[in-house]
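Numbering (the numbering used here), first residue to last: 1119 to 1605. Here's the structure, in structure tokens; my notes come after.
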Ligand SMILES: Cc1cc2nc3c(=O)[nH]c(=O)nc-3n(C[C@H](O)[C@H](O)[C@H](O)COP(=O)(O)OP(=O)(O)OC[C@H]3O[C@@H](n4cnc5c(N)ncnc54)[C@H](O)[C@@H]3O)c2cc1C
């Protein structure tokens, strides 16, 4: 923690400061405001919403704790359990707010999840309106650059406004929701290795690890999952990759292809799904791979919308238009010739495809040490296609250590007084396997917002001479009321 005091241009006060206005920050701010806290919701960029505002709006997670454990065996079970338990209540809260939430669930999201399509921008706007209605504020162009403490507890933040002015916020509770460290190239390289340099950034540009750095400086610990992350395969090369390209250029159908590296060899069970293949290829030579598939895959999964609202798009054609290296041929043999001309070993690739076809035809098994799933289908109806792809990163799975009440923890597992975190800033909820982004962000934001408000209300009560809970340092009645409100 830092004990010196910067010269600031202005001092403001709040009960709870929330750092970052994506889905987790918005939910934390809304929850704290509804619990009676005066909230300052601070956003670094000129617009609110972070990656959430760029997202597809699918509000989903694991349908059960068993499903969470099966898909994410390396995940933090305490966090995963409460996430699944809280999902229905969070969904009911969204429906009650009046924002659009689909009536019918979508199943098998990312192979196993269940969720509902939402108007995510309306959800973010509703959260901000709740903050303002409770006497709080929501500001853009305000980057938190430092956490303050009195040697014992967090006491506020220093923020830099767009014009360079420094503002101090005195507050008994601070929630970090800066959206992960995918934009911090040094941190990515440290955890992922040199191929991190080849990850396309498929995220809002403001999530550069500020939350993790601030939390570490305040004594918080880190988690597992530091080298795992969410993203999707994108054609390579790509001549433009702006936020409006993030959804249409994602090759969601890769689970139905044969995926080889630049040696012409498979390295992963493709049916694990695109967000896992995206991570696996990152650790292959040059972090490049080639998707090989047939016309049936191109016309079905390669074109259908993965979620309602994304529209039907011929994703192969769009990748080609954007500059990707590709081949089309009437026979698999001609396709192999074309791919070999890119410098990929012809013999290896031909042998890989031959063995894959044989093992898939026999109902699955193992081919050269790599599983072929029982449902795998070999390319069989021409024309045949090959597409060079590269990985992208939307957010990191490792981060600040927290408990299932949103409290930041030190390396000994003790709460850092006054510090909370949520969303992509916390670590371990997803780990290689992916439990969703929006619903986990919203739900963990509620945990942090409720805990932060309980502390702030307690601190205010103590200052006014009311009796505080001697153990928790906050009034027992307020703690109970909040626990009732968010469970
Ligand atoms: C194209 C795309 C589609 C997606 N679709 C889905 C989907 O359909 N379903 C799903 O579940 N997930 C989806 N996701 C993932 C989802 O958007 C993220 O998981 C989620 O937004 C993370 O929430 P967050 O609040 O932690 O971070 P974010 O929403 O990214 O917000 C973080 C915010 O913090 C701000 N910030 C950073 N540092 C500071 C600082 N120092 N001071 C002040 N502010 C700061 C950033 O500028 C940013 O606005 C998608 C993501 C993308 C990019």
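The C-beta atom is built at its ideal place from N, Cα and C for all residues, glycine as well.
Exercise. Between which two residues does the alpha helix (DSSP H) harbouring residue 1434 extend?
Worked result: 1433-1439
Exercise. Do residue 1258 and residue 1166 have their C-beta atoms within less than 8 angstroms of each other?
Worked result: yes
For this session: Step through the CB atoms of chain B and report whether any lies within less than 8 angstroms of the CB of residue 1478.
Result: Structure shown: chain B not included; a single protein chain is present.
Problem set entry | Residue closest to residue 1176, alpha-carbon to alpha-carbon, out of 1164, 1535, 1155, 1209 | 1209
Exercise. My guess is that residue 1509 and residue 1442 are in contact by the Cβ rule of under 8 angstroms, so how many angstroms apart are they, rounded?
Worked result: So it is not a contact: roughly 14 angstroms between Cβ atoms.
Exercise. Within this structure, are the beta carbons of residue 1473 and residue 1464 separated by less than 8 angstroms?
Worked result: no
For this session: Can you check the stretch 1156-1180 for any beta strand (DSSP E) of at least 3 residues that lies completely inside it and give the ranges in chain order?
Result: 1157-1160, 1176-1179
Exercise. Considering residue 1402, what are the terminal residues of the alpha helix (DSSP H) in which it resides?
Worked result: From DSSP, residue 1402 is part of no alpha helix (DSSP H); its letter is neither H nor E.
Problem set entry | Unbroken stretches of the beta strand (DSSP E), 3 residues or longer, contained in the stretch 1212-1274 | 1224-1227, 1231-1235, 1255-1257, 1260-1267
Exercise. What is the C-beta distance between residue 1492 and residue 1524, in whole angstroms, given that I count them as a contact (C-beta under 8 angstroms)?
Worked result: Wrong, their Cβ atoms sit about 41 angstroms apart, outside the cutoff.
For this session: Decide if the stretch 1175-1190 is in contact with the stretch 1147-1161; the criterion is three or more beta carbon pairs, one per stretch, under 8 angstroms apart.
Result: no
For this session: Find the nearest neighbour of residue 1145 within the set 1329, 1490, 1557, judged by alpha-carbon distance.
Result: 1557
For this session: Please confirm whether residue 1526 and residue 1333 have their CB atoms less than 8 angstroms apart.
Result: yes
Exercise. Three-state secondary structure (DSSP) at residue 1531?
Worked result: coil
For this session: Could you check what DSSP says for residue 1352 in three-state terms: helix, strand or coil?
Result: strand
Exercise. Where does residue 1266 land, buried or exposed, given buried means 16+ other C-beta within 10 angstroms?
Worked result: buried
Exercise. CB-CB under 7 angstroms to residue 1552, same chain, minus the five flanking residues each way: which ones, in chain order?
Worked result: 1228, 1348, 1393
Exercise. Taking Cβ positions, are residue 1446 and residue 1467 nearer each other than 8 angstroms?
Worked result: no
For this session: Determine contact between the stretch 1411-1426 and the stretch 1493-1509, defined as no fewer than three beta-carbon pairs at a distance below 8 angstroms.
Result: yes
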